[in-house]
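I have placed the structure first, in the form of structure tokens, so that the comments after it can refer back to it.
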Amino acid sequence: MTRTYPEEAVGGFPQPVREVTDAEGRSILLCCPEERERLVEMYLAFDPADRAQGIPPVEESAVREWLDSITGPDTLNLVARHGDRTIGHVVLVGDTEHELAIFVLQAYQNAGIGTALLRTALGAAAAAGIERVWLSVERWNDAAIALYRRVGFEAADTPEFGMEMTLRLDTTE
Amino acid sequence: MRVIVGVNGSESAMAALDAAVERARTADDDLTVAVYGGPNPVDVVETQVRDRLSTLEIDVSVERLEGHPGGLLVERAEQGEFDRIVLAGGTRSPLGKIQFDSTVEFVLMNAQTAVTLIR
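Here the protein sequences line up with chains S and Y, keeping their order. When you line the first sequence up against our numbering, it's residues 7 to 179, in that order. When you line the second sequence up against our numbering, it's residues 350 to 468, in that order.
Encoded structure:
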């Protein structure tokens with residue numbers, strides 16, 4: 007797979023662990039590592055309308071299997087926690103280039119958590135030496151595309167049905 | 350029902366072919382397989398498909414699409430008065446996201462024929 011990446015690297019992302027206050031005044035902890043059972047609970051509570059391109063899966067067994075496949079070696083996971091609940095999750099998977107996905111429970115959307123979680127994950131990724139990050143997003147998902155653009159992703163030239171975006175991280179900081 | 354299956358030789362396309370053959374036996378569909386180049390050139394795909402069909406012990410016609418596979422598949426389906434186009438319904442990214450290749454996208458957008466994606 008050959009994707010084009012922006013020439014200019016983007017840096018200045020914060021590192022975990024961070025505590026942020028969202029637009030609703032909730033205190034949200036952005037931390038790692040992920041805890042499996044809390045993640046399973048989050049995905050079982052996930053709004054079907056927020057699924058993207060087949061993930062997260064619906065059935066609990068499929069959720070567990072999917073989580074197994076994205077939490078092994080060559081992955082980077084970061085979660086957002088409100089009290090005891092995991093309410094957001096960002097994951098990067100890959101070797102020479104990393105695919106990124108982010109999920110936030112519906113009750114916690116539009117409160118700045120996704121942006122904070124994404125920026126912090128990119129900070130952790132840069133610190134881990136990850137330079138090339140890509141993602142796919144449905145072309146009609148304007149809110150997600152705007153979020154990705156804000157942190158520095160650019161639309162990549164791709165033959166895929168979904169839109170792909172790429173980001174070059176500054177790993178020298 | 351007259352069914353045309355598009356196969357580019359990928360693992361998911363071969364699985365879709367298996368499913369279409371099984372369905373054809375149950376429903377007594379009239380099956381045609383249209384092969385086109387994917388990970389491998391069309392010659393290799395055609396051999397692969399003929400081998401699979403002989404393993405499955407079914408006698409169906411195999412045609413080659415040379416050029417723009419999506420455009421040719423849509424055209425062939427209309428001119429050949431097929432009732433349905435069958436394709437493999439995409440591959441998965443490392444994270445598990447479904448991705449459609451450009452042929453699937455083209456056929457979905459342009460076919461006047463019903464399209465079934467097999468997953």
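Cβ coordinates follow ideal geometry from the N, Cα and C atoms, glycine included. Here the structure is a predicted model, which is why all the values come from computation and not from measurement.
- Interface annotation, S/ALA58: in contact with chain Y, CB-CB separation under 8 Å.
- Secondary structure note for S/MET171: its beta strand (DSSP E) is the uninterrupted segment 169-174.
- With the criterion set as a beta carbon lying under 9 Å from some beta carbon of chain S, the members of the region 436-462 of chain Y are GLY439, ARG441, SER442, PRO443, LEU444, GLY445, LYS446, ILE447, GLN448, PHE449, ASP450, SER451, VAL453, GLU454, LEU457, in sequence order.
- Taking 8 Å as the threshold, the shortest C-beta distance from S/ILE76 to chain Y falls below it.
- Cβ atoms of S/LEU128 and S/ALA15 stay farther apart than 8 Å, at about 11 Å.
- Within the same chain, and ignoring the five residues on either side of S/ILE61 in sequence, the residues whose Cβ sits closer than 8 Å to its Cβ are TRP72, ALA107.
- Against chain Y, the CB of S/SER142 has a partner CB under 8 Å away; the residue lies at that interface.
- Rounded to the nearest whole angstrom, the CA to CA distance from S/ALA29 to Y/GLY420 is 49 Å.
- With a cutoff of 8 Å on beta-carbon distance, S/GLY94 and S/LEU123 are scored as near each other.
- Judged by DSSP secondary structure, S/THR8 falls outside any alpha helix (DSSP H); it is assigned neither H nor E.
- 8 Å or more divides the Cβ of Y/VAL391 from the Cβ of Y/VAL356.
- Sixteen is the threshold: since fewer than 16 other Cβ atoms of the shown chains lie within 10 Å of the Cβ of S/LEU50, the residue is exposed.
- Proximity to Y/VAL464 across Y/ILE407, Y/ILE447, Y/SER403, Y/GLY438 peaks at Y/GLY438, based on C-alpha coordinates.
- Within the same chain, and ignoring the five residues on either side of Y/VAL456 in sequence, the residues whose Cβ sits closer than 8 Å to its Cβ are GLY355, GLY419, LEU422, VAL423, ILE434, LEU436, VAL464.
- By the Cβ neighbour-count rule, Y/GLU395 is buried, with 16 or more other Cβ atoms within 10 Å of its own.
- Cβ atoms of S/GLU170 and S/ARG9 come within 8 Å of each other, at about 7 Å.
- No Cβ of chain Y is located within less than 8 Å of the beta carbon of S/ILE151.
- Secondary structure note for Y/LEU466: its beta strand (DSSP E) is the uninterrupted segment 463-467.
- Y/LEU366 and Y/GLU360 have their C-alpha atoms spaced approximately 10 Å apart.
- 8 Å or more divides the Cβ of S/GLY118 from the Cβ of S/LEU153.
- Straight-line spacing of the CA atoms in S/CYS38 and S/PHE52 works out to 20 Å.
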